[in-house]
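K.L.:
Before anything else, here's the structure in question.
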Amino acid sequence: MIVGAGFAGYRAARTLARLTRNRADITLLNPTDYFLYLPLLPQVAAGVLEARRVTVSLPGTLRGVRLVLGEADGVDLDERTVHYSDPEGGAGSLRYDRLVLAVGSVNKLLPVPGVAEHAHGFRGLPEALYLRDHVTRQVELAAAEDDPGRRAARCTFVVVGAGYTGTEVAAHLQMLTDRLVRRRPLPGGLRPRWLLLDVAPRVLPELDERLSRTADRVLRARGVDVRMGTSVKEATRDGVLLTDGEFVASRTLVWCVGVRPDPLVEAVGQPLERGRLIVDPQLQLPGRADVFACGDAAAVPDLERPGSFTPMTAQHAWRQGRVAGENVAGSLGLGRRRRPYRHRDLGFAVDLGGARAAANPLGVPLSGPAAGVVTRGYHLAALPGNRIRVAADWLLDAVLPRQGVQLDLVRSWSVPLDTASPELARVPGGPDRPSARTGGEPMTRESAPGTDPGRRTAAEPGKTEPAAEPGDNGPATEPGDNGPAAEPRDNGPAGEPGKNQPGGEAAKRQPGGEPARNQPGGEPARNQPGEGPLRDQPGGESARSRSGGESPRSRSGGESPRSRSGGESAGAGPGRPAPGPVKRTDPPAPAGPDGTTDPAAPAPGDPAGATGPAAPAPGDPAGATGPADRPNASD
Numbered sequence: 036m037i038v039g040a041g042f043a044g045y046r047a048a049r050t051l052a053r054l055t056r057n058r059a060d061i062t063l064l065n066p067t068d069y070f071l072y073l074p075l076l077p078q079v080a081a082g083v084l085e086a087r088r089v090t091v092s093l094p095g096t097l098r099g100v101r102l103v104l105g106e107a108d109g110v111d112l113d114e115r116t117v118h119y120s121d122p123e124g125g126a127g128s129l130r131y132d133r134l135v136l137a138v139g140s141v142n143k144l145l146p147v148p149g150v151a152e153h154a155h156g157f158r159g160l161p162e163a164l165y166l167r168d169h170v171t172r173q174v175e176l177a178a179a180e181d182d183p184g185r186r187a188a189r190c191t192f193v194v195v196g197a198g199y200t201g202t203e204v205a206a207h208l209q210m211l212t213d214r215l216v217r218r219r220p221l222p223g224g225l226r227p228r229w230l231l232l233d234v235a236p237r238v239l240p241e242l243d244e245r246l247s248r249t250a251d252r253v254l255r256a257r258g259v260d261v262r263m264g265t266s267v268k269e270a271t272r273d274g275v276l277l278t279d280g281e282f283v284a285s286r287t288l289v290w291c292v293g294v295r296p297d298p299l300v301e302a303v304g305q306p307l308e309r310g311r312l313i314v315d316p317q318l319q320l321p322g323r324a325d326v327f328a329c330g331d332a333a334a335v336p337d338l339e340r341p342g343s344f345t346p347m348t349a350q351h352a353w354r355q356g357r358v359a360g361e362n363v364a365g366s367l368g369l370g371r372r373r374r375p376y377r378h379r380d381l382g383f384a385v386d387l388g389g390a391r392a393a394a395n396p397l398g399v400p401l402s403g404p405a406a407g408v409v410t411r412g413y414h415l416a417a418l419p420g421n422r423i424r425v426a427a428d429w430l431l432d433a434v435l436p437r438q439g440v441q442l443d444l445v446r447s448w449s450v451p452l453d454t455a456s457p458e459l460a461r462v463p464g465g466p467d468r469p470s471a472r473t474g475g476e477p478m479t480r481e482s483a484p485g486t487d488p489g490r491r492t493a494a495e496p497g498k499t500e501p502a503a504e505p506g507d508n509g510p511a512t513e514p515g516d517n518g519p520a521a522e523p524r525d526n527g528p529a530g531e532p533g534k535n536q537p538g539g540e541a542a543k544r545q546p547g548g549e550p551a552r553n554q555p556g557g558e559p560a561r562n563q564p565g566e567g568p569l570r571d572q573p574g575g576e577s578a579r580s581r582s583g584g585e586s587p588r589s590r591s592g593g594e595s596p597r598s599r600s601g602g603e604s605a606g607a608g609p610g611r612p613a614p615g616p617v618k619r620t621d622p623p624a625p626a627g628p629d630g631t632t633d634p635a636a637p638a639p640g641d642p643a644g645a646t647g648p649a650a651p652a653p654g655d656p657a658g659a660t661g662p663a664d665r666p667n668a669s670d
């Protein structure tokens, strides 16, 4: 039984299937049917690559492996059983003879007011798709905005965390907004403004100073406002308050300050090292010869640096997955004898968009087109599939204009920052995992209105622990990889209701306040008399009658239909059904709870998804990749 199909779990399953050759029953439990190549996710957000290019089918590439779609709720080591919830809310359990825990990591939250409500992570495909739509929408709304202040706020984008992912997100998306504005200039010659913040003294502090200077120079040359020693003190719907006292008006906050192990790790009930399961060099749990752990879920002793543990990086997870597969086969007498995990650093690479990159393969520092060739060549070699499709997308992006289209496939409330399942988009009324809470909270089964039973929830909501500053790049709180930002929130033009005033529109970041345009039943017709939706009712809205009458608003005030500047019709949200047909006259049932969660304290570890030619030394952010070893998007 292998739990998780990130870099560690995918490699373990592939290695074990190759060594056992159908002489063992291999089961892979994962919430999706694909393996996500996380290092290329910034290019998906920037529109360089299509989403399916960075996904590899599990059934299509893992021959002899049985895939079970579901999320692990708990592990009973004594009974050798894994309990899980399937995508439709059902519950089940699976027995095992050997268990490999490779559940990966989730977003790392810090106790910064407003961040959980107004920012998004960058750990999964839904978040990347949302960020691409959101950034495109902000530029398009700014082009139609009459007020210069609101126009500038829509075109201001804040990225917190100057690690691998934060740097790559800022580099790629700055190029996207620059192309959008070049094709359709904004009033007054306004240019999009990008801010990259971190409390560290320099960009990419874990890399060689020459690579850090290269990345810093490229970003500044493109107009990115790089501010080191600065982070976010408070986030609001109108912008962010920085630690230096400046308030930056913005509708976009991209949170890239790190990751922490999946909450399931704590529920196993075994000794932990900063939230990770302590294992021996053979990746086994002490005293449990039938249980292995690897990737971001495991604290693996670093034999090259005695007394320390390997960092939470993609390269380590990828290589640990192979060792775990070999050692499981060895424990069954079907492969080579078990061996300890060792690694050797071979360099780093960071993709800065276009033909620019920073890399030092085998210790040789490179920049510009040469580094770009090395970085992209490594990615093609490391991908388990889709190489031709990825290369074709790169070629088309180089010779054709990029498509600046928002598809609205993922809504803001579907990808909350505080989630234990960043790989899944939240759906109205569907099963949902709890928020990614900090250590010490027992996981229990409970049901809430609007959700299905059997999901894993935190027993003590709101519990947090002291944490480091956002974007801290020190050994315990490395810069990370999270992502997209908040939906537009502002006061509309003269004819638009004040969305931020009392009695105005509910915050879109809150579950239930965001419309689900693509839900069955269709979208309410905006232009028909009396058909406009109501949005201030808690968790839902009353449908207007065909005769043009409108149901009364909430006591806090009323809201008139939105103006042409870009309103969204109300619709489904978590804990309530999707909107019905346009001509429906009976009001829908009240909604369930809003589903908001508290920010959680971070667990040490490095951000996943960054790229570099080889596994970094301890303290390096997660996800760096190297040409000698395939990268791993930290499960």
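Mapping to this note's numbering: the sequence shown position 57 is 92, numbers consecutive.
The beta carbon of each residue, even a glycine, is placed where N, CA and C say it ideally should be.
Give me the Cα-Cα distance between residue 381 and residue 127, rounded to the nearest whole angstrom.
P.N.:
43 Å
K.L.:
Are there 16 or more other CB atoms within 10 angstroms of the CB of residue 170, so buried, or fewer, so exposed?
P.N.:
buried
K.L.:
If we count Cβ pairs, one from each stretch, closer than 8 Å, do we get three or more for the stretch 446–453 versus the stretch 105–114?
P.N.:
No, the stretch 446–453 is not in contact with the stretch 105–114.
K.L.:
Can you check whether the CB of residue 210 is closer than 8 Å to the CB of residue 671?
P.N.:
The structure shown has nothing for residue 671, since the chain only spans 36 to 670.
K.L.:
Can you tell me whether residue 209 is helix, strand or coil according to DSSP?
P.N.:
helix
K.L.:
Going along the chain, which unbroken runs of the beta strand (DSSP E) with 3 or more residues stay wholly within the stretch 320–385?
P.N.:
323–328
K.L.:
Compute the minimum distance between the beta carbon of residue 102 and the heavy atoms of the ligand SAM, and state whether it is under 7 Å.
P.N.:
Judged by which ligands are present, the structure shown has none, so any question about the ligand SAM falls away.
K.L.:
For residue 236, I'd like the list of residues in its chain whose CB is within less than 6 Å of its CB, leaving aside the five on either flank, ordered along the chain.
P.N.:
263
K.L.:
Give every residue of the same chain whose Cβ lies closer than 6 Å to the Cβ of residue 118, excluding the five residues on either side of it in the sequence, and list them in chain order.
P.N.:
Cβ within range, chain order: 108, 109 and 128.
K.L.:
What does the alpha-carbon distance come out to for the pair residue 672 and residue 69?
P.N.:
The structure shown does not extend to residue 672, since the chain is modelled only from 36 through 670, so no value can be given for it.
K.L.:
Measuring alpha carbon to alpha carbon, tell me which residue in 154, 191 and 138 is nearest residue 38.
P.N.:
138
K.L.:
So for residue 435, helix, strand or coil by DSSP?
P.N.:
coil
K.L.:
If you follow the alpha helix (DSSP H) that residue 161 is part of, which residue opens it and which one closes it?
P.N.:
160–178
K.L.:
Leaving out the 5 sequence neighbours to the left and right, which residues in its chain are closer than 6 Å to residue 122 when beta-carbon positions are compared?
P.N.:
104, listed in sequence order.
K.L.:
Is the stretch 313–328 touching the stretch 369–377 in the sense that three or more CB pairs, one from each, lie closer than 8 Å?
P.N.:
They touch, by the three-pair rule.
K.L.:
Measure the beta-carbon distance from residue 407 to residue 391 and round it to whole angstroms, keeping in mind my assumption that it falls under 8 Å.
P.N.:
6 Å
K.L.:
Quick one: is residue 274 buried, meaning 16 or more other Cβ sit within 10 Å of its Cβ, or exposed?
P.N.:
buried
K.L.:
Determine the DSSP secondary structure at residue 87, reduced to helix, strand or coil.
P.N.:
helix
K.L.:
Any contact of the stretch 306–314 with the stretch 211–229, i.e. 3+ C-beta pairs under 8 Å?
P.N.:
At 8 Å Cβ cutoff, the stretches do not touch.
K.L.:
Beta strand (DSSP E) containing residue 227: first to last residue?
P.N.:
Run containing residue 227: none; DSSP gives neither H nor E here.
K.L.:
Less than 8 Å between the beta carbons of residue 221 and residue 178, yes or no?
P.N.:
Their beta carbons are under 8 Å apart, which means residue 221 touches residue 178 by this criterion.
K.L.:
Assign residue 126 to one of three DSSP states: helix, strand, or coil.
P.N.:
strand
K.L.:
Measure the alpha-carbon distance for residue 399 versus residue 44 and round it to whole angstroms.
P.N.:
32 Å
K.L.:
Three-state secondary structure (DSSP) at residue 72?
P.N.:
coil
K.L.:
What are the residues that DSSP puts in a beta bridge with residue 263?
P.N.:
233
K.L.:
For residue 168, I'd like the list of residues in its chain whose CB is within less than 8 Å of its CB, leaving aside the five on either flank, ordered along the chain.
P.N.:
441, 442, 443, 444 and 445
K.L.:
When the distance is taken between beta carbons, is residue 292 closer than 8 Å to residue 141?
P.N.:
no
K.L.:
Between the C-alpha atoms of residue 73 and residue 463, what's the straight-line distance to the nearest angstrom?
P.N.:
26 Å
K.L.:
Quick one, which of 158, 90, 48 and 174 has its alpha-carbon nearest residue 134's?
P.N.:
48
K.L.:
For residue 56, which three-state DSSP category applies?
P.N.:
coil
K.L.:
Could you give the distance in angstroms between the alpha-carbon of residue 300 and the alpha-carbon of residue 356?
P.N.:
17 Å
K.L.:
Out of 266, 297, 296 and 295, which one is the CA nearest neighbour of residue 282?
P.N.:
266
K.L.:
Between the C-alpha atoms of residue 411 and residue 429, what's the straight-line distance to the nearest angstrom?
P.N.:
Each residue's CA atom was taken as its position, placing residue 411 and residue 429 some 9 Å apart.
K.L.:
Tell me which residues share the same chain as residue 102 and place their Cβ nearer than 6 Å to its Cβ, disregarding the 5 neighbours each side in the sequence.
P.N.:
63, 93 and 94
K.L.:
Which parts of the stretch 385–450 are runs of the beta strand (DSSP E), unbroken and 3 residues or longer, counting only runs that do not cross its ends?
P.N.:
Counting only runs of at least 3 residues, the stretch 385–450 fully encloses the following beta strand (DSSP E) elements, listed from N- to C-terminal order: 392–394.
K.L.:
Using C-beta distances below 7 Å, list every residue in its chain close to residue 88, excluding the 5 sequence neighbours before and after it, in chain order.
P.N.:
421, 424, 425 and 428
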